[in-house]
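Number of protein chains: 2
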Amino acid sequence: MARKSGSSGEKTRAMVEEAATRLIARHGFAAVSMRQIAREVGVQAGALYLYTPDKQSLLKDIMRGHLQHLLESWAAQAPDPDLPAAARLERFVRFHIDYHILRAEKVFISYMELRNLDCDNFAEIERLRRSYEHILEEILISGAAEGVFHHTDTRLTTLAMIAMMTGVSTWYRDDGRLPPDAITTRYVDMAFRLAGGEPLAEAAE
Amino acid sequence: MARKSGSSGEKTRAMVEEAATRLIARHGFAAVSMRQIAREVGVQAGALYLYTPDKQSLLKDIMRGHLQHLLESWAAQAPDPDLPAAARLERFVRFHIDYHILRAEKVFISYMELRNLDCDNFAEIERLRRSYEHILEEILISGAAEGVFHHTDTRLTTLAMIAMMTGVSTWYRDDGRLPPDAITTRYVDMAFRLAGGEPLAEAAE
Chain A
1 MARKSGSSGE KTRAMVEEAA TRLIARHGFA AVSMRQIARE VGVQAGALYL YTPDKQSLLK
61 DIMRGHLQHL LESWAAQAPD PDLPAAARLE RFVRFHIDYH ILRAEKVFIS YMELRNLDCD
121 NFAEIERLRR SYEHILEEIL ISGAAEGVFH HTDTRLTTLA MIAMMTGVST WYRDDGRLPP
181 DAITTRYVDM AFRLAGGEPL AEAAE
Chain B
1001 MARKSGSSGE KTRAMVEEAA TRLIARHGFA AVSMRQIARE VGVQAGALYL YTPDKQSLLK
1061 DIMRGHLQHL LESWAAQAPD PDLPAAARLE RFVRFHIDYH ILRAEKVFIS YMELRNLDCD
1121 NFAEIERLRR SYEHILEEIL ISGAAEGVFH HTDTRLTTLA MIAMMTGVST WYRDDGRLPP
1181 DAITTRYVDM AFRLAGGEPL AEAAE
C-alpha cells in the first residue's frame, strides 16, 4: 500500500486491504462478503465500515493501491531519462518482472476483477494502467529515435511486451527450473528482440 | 464444445456449459450456483444433475472442452509437419490469435478458475495445456535445427510467445484501431522476432 502507516487506524486499513486481497484472489470478488473480510482481519463486521464505505470502494482501493505503488516504485528507481533507451529498457524489464513475481495475487486480481469495477472506477484504474504502459512506450519511442530499436507498431509492441513479461507471474515458482535472475536475463533478451534492438552483451548466450 | 449434438440431451448439455461459461466469466466460479445456471438454461435445478454430477465437474468439463477444442481445431488445419518451421510458425500465430479473440470468456475462465480445480482435474487440464504448448515448442525446435530460428531458451520463448499472443484477447475490441488481420500480421512479425528468425516478407513493413 502506498499509504503511511503512522496511526493504528492506517495499520488496520492496510490489514483490511491485505485480507480482502487474499480472499478475493482465492474466491473472487462476488463470492467474498464484508463479513468474511472482517472475520479475516479480526474485527466486527460493523467496524469494517470505518475503513471503507463498501466492497466496491475496497476493490477500487486495492487496484488503485497496486498500480500507484507500481508507479511509485518505478519512479523511485527510474533511470535518468538521458540514459540511452537500451539501458532504460533493460532496467524496466528487470523492474517489471521482479515486481510482479513477488505480487502474483495482486496482479491476478488487477486483471481478473476489472469486470467488477463500476464505470468511473474502471476509468480511473485504466488511466493508471495507461500511465504505466506509457513509461515503456516512451522508452521504445526514444530507442527508435536513437536508431537502436526497430519496431513497427509501438503501441502493440508495448502491449505485447507487457503481456509477455506479466505472464511470468502465472507460472513462476520458487522451486522452478531457473532462479529469478536467470529468468529476468532471458526476458531482457526477449524484450530486446521484440523491440528490434541488439541484445545486450550480458543477455546474449 | 467438441461433443456431437445429435440428441436433445447433448444440446441441453451444450446449453448448460454455455450458460455456466457466461455466468462464471461474469461472477466467478465461487459466486455462481447450480440454481442460477439452471435458471439461465431454463430447466429445473434438479434437472441440471442429469447433465453434470456437480459444479466442479462442470468447471472441469468447460476447461477441458475449451482445450480439447483448441487442440482439435489446430489438428484440423495444422500445416504439413514437413513444411519449413517458418511457415508453420506463421500459421500457428495466426491460428492462436484468431481462435482466442473469438473466445475471450473461455480464455478468461481457463486462466482465472484454475484456482478452483480439484487436484486431479488441475493435473488433467495442465496436461492438455502442455500438449498445446508443445506444438509451438516443437516448431521452435525445428526452426533452430533448420538454422532459421535463434532463440536461447526454447521453453521460455514458448511461454513468452503464448502469453504475448493470448494477451490480445484482454484488449481486443471489434471497433478498435486495427482490424484483426492487421493485428495478427503484426503479431506474426513479433513472434518471428522472439524466435530470432527473419521476419516474413509480408509481415515486414
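Protein chains in written order, with our numbering: chain A, 1 to 205; chain B, 1001 to 1205. Glycine residues also receive a C-beta, built at the ideal position from the N, C-alpha and C atoms. All figures in this text were calculated on a predicted structure; none of them were measured in a lab.
Non-local beta-carbon contacts of residue 163 of chain A in its own chain, meaning distances under 7 Å to residues more than five positions away in sequence, are absent. Between residue 1102 of chain B and the set B/1126, B/1169 and B/1128, the nearest pair of CA atoms involves B/1169. The beta carbons of residue 72 of chain A and residue 21 of chain A sit about 18 Å from each other, so the pair does not count as a contact at 8 Å.
Judged by DSSP secondary structure, residue 98 of chain A falls within the alpha helix (DSSP H) whose first and last residues are 85-101. Closer than 7 Å at the C-beta level to chain B, one finds these residues of the segment 129-156 of chain A: 152, 153 and 156. Between the segment 112-121 of chain A and the segment 131-147 of chain A, the count of C-beta pairs closer than 8 Å stays below three; the two stretches do not touch. Neighbours of residue 29 of chain A in chain B, taken as residues whose beta carbon is under 9 Å from its own, are 1027, 1028 and 1031 in chain order. Residue 67 of chain A is outside the set of residues whose beta carbon lies under 9 Å from a beta carbon in chain B. The beta carbon of residue 1029 of chain B lies closer than 7 Å to those of 1059, 1113 and 1116 in the same chain, with the five residues before and after it left out.
Here the alpha carbon of residue 86 of chain A sits roughly 19 Å from the alpha carbon of residue 182 of chain A.
In terms of Cβ geometry, residue 1172 of chain B and residue 1067 of chain B do not form a close pair [threshold 9 Å]. Contacts with chain B at 9 Å (Cβ-Cβ) include residue 166 of chain A. Between residue 74 of chain A and chain B, the shortest Cβ-Cβ separation is not below 9 Å. Assigned with DSSP and collapsed to three states, residue 198 of chain A falls in coil, not helix or strand. Closest option to residue 1140 of chain B, judged by alpha-carbon separation, among B/1040, B/1191 and B/1038: B/1191. Using beta-carbon distances, residue 1120 of chain B does not count as an interface residue toward chain A, since no partner is under 9 Å. Straight across, the Cα-Cα distance linking residue 1155 of chain B with residue 1046 of chain B is about 46 Å. The beta carbon of residue 127 of chain A does not come within 9 Å of any beta carbon belonging to chain B, so the residue lies off that interface.
For the segment 1076-1095 of chain B, the set of positions with a beta-carbon nearer than 9 Å to some beta-carbon of chain A is empty. Counted as a single uninterrupted DSSP element, the alpha helix (DSSP H) harbouring residue 134 of chain A occupies residues 119-146.
A straight line joining the alpha-carbon of residue 1063 of chain B with that of residue 9 of chain A spans about 43 Å.
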